[in-house]
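Comments concern the structure below.
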Amino acid sequence: MTLTEKKVLLLAADLFEDMELLYPLYRLGEEGVAVTVAGLDDRPVTGKKGHGPVAVDTTVDRLSANDFDGLVIPGGFAPDKLRRSEAVLTLVRDFDDAGKPVAFICHAGWVPISAQIVKGRRATSVSAIRDDMVNAGVDWVDEATVVDGNLISARTPSDLGPWMRALLAALQSPPREPGRQAGDESDVTTHK
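Heads up, the sequence shown is in my numbering, so the first residue is 91 and it goes up one at a time.
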């Protein structure tokens, strides 16, 4: 399956980190990936630096992971809202259970924490939520992008390039087994 046949779900809420939503939206589109922006409601969302409003295509409660090949969760303050939605958490778990890419950056690590999919897995995030990640059982590393099975994590907007390259590579691969066995490093890569 080529990238032009792929569909990615991008989660959005107000006060997203502007570049962490806009860059994946345009970069994936540039490769021909169909991107659906989903919000908690039908209202357009605005970034914390004022970019937007960005229209949402649908709401998370209308969606199924079965209809997409990957998931992108931008950071900023939006993840604090997204993590409180049971519909969002169920969707994240469903993507993970299917071994489909779950890409998150910066503060977006809060969402997989709340979905309880990160324990025992390697990931990164902005250093401000390092303690949250570690307390959730993450093997946290300070690298630009970390791929552990189907999880693709990055620290900050300065890591958008390697983060999107890792996601694009994952979209061109078959779904992966979620998680990894303790001590199994065969499915873990880091990018500086």
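For each residue, glycine too, the CB sits at the ideal point set by N, CA and C. Note that the structure is predicted; figures quoted are calculated from it, not measured.
The alpha helix (DSSP H) runs lying completely inside the region 129 to 157 and spanning 4 residues or more number zero. If you ignore the 5 residues before and after residue 265, its C-beta comes within less than 8 Å of the C-beta of 188, 189, 190, 240, all in its own chain and listed in chain order. Classified as exposed, residue 148 has fewer than 16 neighbouring CB atoms from the shown chains inside 10 Å of its CB. Within 10 angstroms of the beta-carbon of residue 175 lie 16 or more other beta-carbons, which makes it buried.
Taking the Cα positions, residue 195 is about 24 Å away from residue 152. The C-alpha of residue 94 lies about 20 Å from the C-alpha of residue 185.
Between the region 198 to 212 and the region 130 to 150, the count of Cβ pairs shorter than 8 Å is below three; the stretches do not touch. The beta carbon of residue 200 lies closer than 6 Å to those of 169, 173 in the same chain, with the five residues before and after it left out. Proximity to residue 257 across 246, 132, 229, 237 peaks at 237, based on C-alpha coordinates. Beta-carbon to beta-carbon, residue 160 and residue 260 are separated by about 7 Å, close enough to satisfy the 8 Å threshold. Straight-line measurement puts the Cα of residue 250 at about 7 Å from the Cα of residue 113. Counting along the chain, no alpha helix (DSSP H) covers residue 238; the unbroken beta strand (DSSP E) around it starts and ends at 235 to 238.
Inclusion of residue 99 and residue 125 in the CB contact set at 9 Å is warranted, their separation being smaller than that value.
In this structure, the alpha-carbon of residue 107 lies about 6 Å from that of residue 137. By the 16-neighbour rule on beta-carbons within 10 angstroms, residue 104 is buried. Residue 139 sits exposed, since fewer than 16 C-beta atoms from the chains shown fall within 10 Å of its C-beta.
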